[in-house]
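Colleague: Just so we're aligned: the sequence shown equals residues 152 to 394 in the working numbering.
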Amino acid sequence: MTLIFAHRGSSGTHPENTMLAFKEAARVGADGIEMDVQLSKDGEVVVFHDEKLERITGSSGFVKDRTLKELQNLNAALHFKGKVANERIPTLEELLKWLCNNYLFCNIELKNTFFMYPGLEEKVIRLIREYGMEERIVISSFNHYSLVYCHQLAPEIETAPLYRDGLFMPWVYARAIGGSAIHPSIRSAPDLIIQSSMKAGILVRPYTINKELDMKRLYSLGCSAIITDFPEKAKIIRASFEY
Ligand code: G3P
Ligand code: CA
Numbered sequence: 152m153t154l155i156f157a158h159r160g161s162s163g164t165h166p167e168n169t170m171l172a173f174k175e176a177a178r179v180g181a182d183g184i185e186m187d188v189q190l191s192k193d194g195e196v197v198v199f200h201d202e203k204l205e206r207i208t209g210s211s212g213f214v215k216d217r218t219l220k221e222l223q224n225l226n227a228a229l230h231f232k233g234k235v236a237n238e239r240i241p242t243l244e245e246l247l248k249w250l251c252n253n254y255l256f257c258n259i260e261l262k263n264t265f266f267m268y269p270g271l272e273e274k275v276i277r278l279i280r281e282y283g284m285e286e287r288i289v290i291s292s293f294n295h296y297s298l299v300y301c302h303q304l305a306p307e308i309e310t311a312p313l314y315r316d317g318l319f320m321p322w323v324y325a326r327a328i329g330g331s332a333i334h335p336s337i338r339s340a341p342d343l344i345i346q347s348s349m350k351a352g353i354l355v356r357p358y359t360i361n362k363e364l365d366m367k368r369l370y371s372l373g374c375s376a377i378i379t380d381f382p383e384k385a386k387i388i389r390a391s392f393e394y
């Protein structure tokens with residue numbers, strides 16, 4: 152069965168990367184969640200997508216230049232004003248504490264292509280181990296050097312390269328860098344790549360799958376998982392498929 156991962160939580164209907172969006176993903180019965188992490192000025196692992204604060208919080212500057220306290224004074228639900236109250240930017244630790252009480256899989260994306268965030272890999276791995284979540288986590292990144300480093304630090308934790316443009320035999324590449332899955336953009340995930348990867352034992356979780364037609368194609372291929380902004384819709388469509 153194709154698993155459904157809620158992209159930045161249920162971000163199509165709730166403020167992305169907030170506890171509200173992750174709890175909604177659990178409520179609708181997603182199999183997993185995806186989230187983005189960066190480091191605050193004082194070295195805390197925070198859950199936030201853009202390097203810049205502007206789009207989500209309306210504040211200027213970068214995540215990396217604010218302390219956790221300063222970040223948590225911002226409203227991560229600005230676009231949902233009038234619909235939801237203020238939402239704090241969560242820390243990874245807060246999220247892992249919550250995950251301990253449910254069965255969701257979790258894809259932690261390291262946002263370390265623009266800023267490298269030295270020490271991010273060690274901190275994320277330490278938290279995953281502290282909460283005993285090694286079996287339920289996959290670490291992904293567009294920074295594949297960082298993934299190799301994660302694999303060296305923690306070979307027991309799954310890693311998966313994210314990529315947007317076509318790769319030649321990505322299942323060979325993924326294995327070469329210690330990965331056990333690939334996370335391609337939808338446009339780099341034709342049937343043959345998905346089938347060949349899965350046949351080679353490399354899981355495939357394309358992003359961001361919001362259209363019904365794409366969902367149906369991936370379900371019928373038996374793709375390992377999809378990453379979607381609309382887990383509730385994805386579940387309804389999946390229910391019409393027999394496994
Ligand atoms: O992990 C899949 C997807 O989240 C990667 O792109 O920009 O949405 O973080 P982005
Ligand atoms: Ca992401």
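Yeah, the Cβ is synthetic: ideal placement off N, Cα and C, and Gly gets one too. Keep in mind that this is a model prediction, so the values were computed, not measured.
Quick check on Asn252: buried or exposed, where buried means 16 or more other Cβ atoms within 10 Å of its Cβ?
Modeller: Translated into the one-based positions of the sequence shown, residue 252 becomes position 101. It is exposed - the Cβ of Asn252 has fewer than 16 other Cβ atoms within 10 Å.
Colleague: Rounded to whole angstroms, what is the Cα-Cα separation between Ile259 and Thr169?
Modeller: Reading the sequence shown from its first residue, position 108 is the one you call residue 259. Reading the sequence shown from its first residue, position 18 is the one you call residue 169. In a straight line, the C-alpha of Ile259 is about 14 angstroms away from that of Thr169.
Colleague: Would you report the Cα separation of Tyr268 and Ala177, rounded to the nearest angstrom?
Modeller: In the sequence shown, counting from the first residue as 1, residue 268 sits at position 117. In the sequence shown, counting from the first residue as 1, residue 177 sits at position 26. Approximately 30 angstroms, taken between the alpha carbons.
Colleague: Helix or strand or just coil, what does DSSP make of Ile288?
Modeller: Translated into the one-based positions of the sequence shown, residue 288 becomes position 137. Looking at Ile288 - three-state DSSP - the assignment turns out to be strand.
Colleague: For Tyr370, count neighbouring C-beta atoms within 10 Å of its own C-beta (all shown protein chains included) and say buried if the count is 16 or more, exposed if not.
Modeller: For the purposes of this step, residue 370 is identified with residue 219 of the sequence shown, where counting begins at 1. With 16 or more Cβ atoms within 10 Å of its Cβ, Tyr370 is classed as buried.
Colleague: To the nearest angstrom, how far is it from the Cα of Thr218 to the Cα of Leu372?
Modeller: As a working note, residue 218 is residue 67 in the sequence shown. As a working note, residue 372 is residue 221 in the sequence shown. Cα to Cα, Thr218 sits roughly 45 angstroms from Leu372.
Colleague: Quick one, which of Leu255, Glu244, Ile207, Glu167 has its alpha-carbon nearest Ile279's?
Modeller: Here residue 279 corresponds to residue number 128 of the sequence shown, with the count starting at 1. Checked all of Leu255, Glu244, Ile207, Glu167; the closest Cα to Ile279 is Glu244.
Colleague: Please go through the same chain and pick out, in chain order, the residues whose beta-carbon is closer than 7 angstroms to the beta-carbon of Phe266, but skip the five residues on each side of it.
Modeller: Locating residue 266 in the sequence shown gives position 115, where the first residue counts as 1. Taken in chain order, the residues that qualify are Glu202, Lys215.
Colleague: I need the boundaries of the beta strand (DSSP E) containing Asp187, first residue and last residue.
Modeller: Residue mapping note: residue 187 aligns to position 36 of the sequence shown, counting from 1. 183–190 is the extent of the beta strand (DSSP E) around Asp187.
Colleague: Using 8 angstroms as the threshold, is the C-beta distance between Ile353 and Arg315 below it?
Modeller: Reading the sequence shown from its first residue, position 202 is the one you call residue 353. Reading the sequence shown from its first residue, position 164 is the one you call residue 315. Cβ atoms of Ile353 and Arg315: not closer than 8 angstroms.
Colleague: Taking the alpha carbon of Pro341 as the reference point, which residue from Ala390, Pro321, Val198 has its own alpha carbon closest?
Modeller: The sequence position of residue 341 within the sequence shown is 190, counting from 1. It is Pro321.
Colleague: Enumerated in chain order, which unbroken segments of the alpha helix (DSSP H) with a length of 4 residues or greater are wholly contained in the stretch 217–305?
Modeller: Whole alpha helix (DSSP H) segments, 4+ residues: 219–223, 243–250, 271–281, 295–304.
Colleague: Tell me, which residues are paired with Ile377 by DSSP?
Modeller: Taking the sequence shown and counting its residues from 1, the one referred to as residue 377 is at position 226. Partner(s): Ile155.
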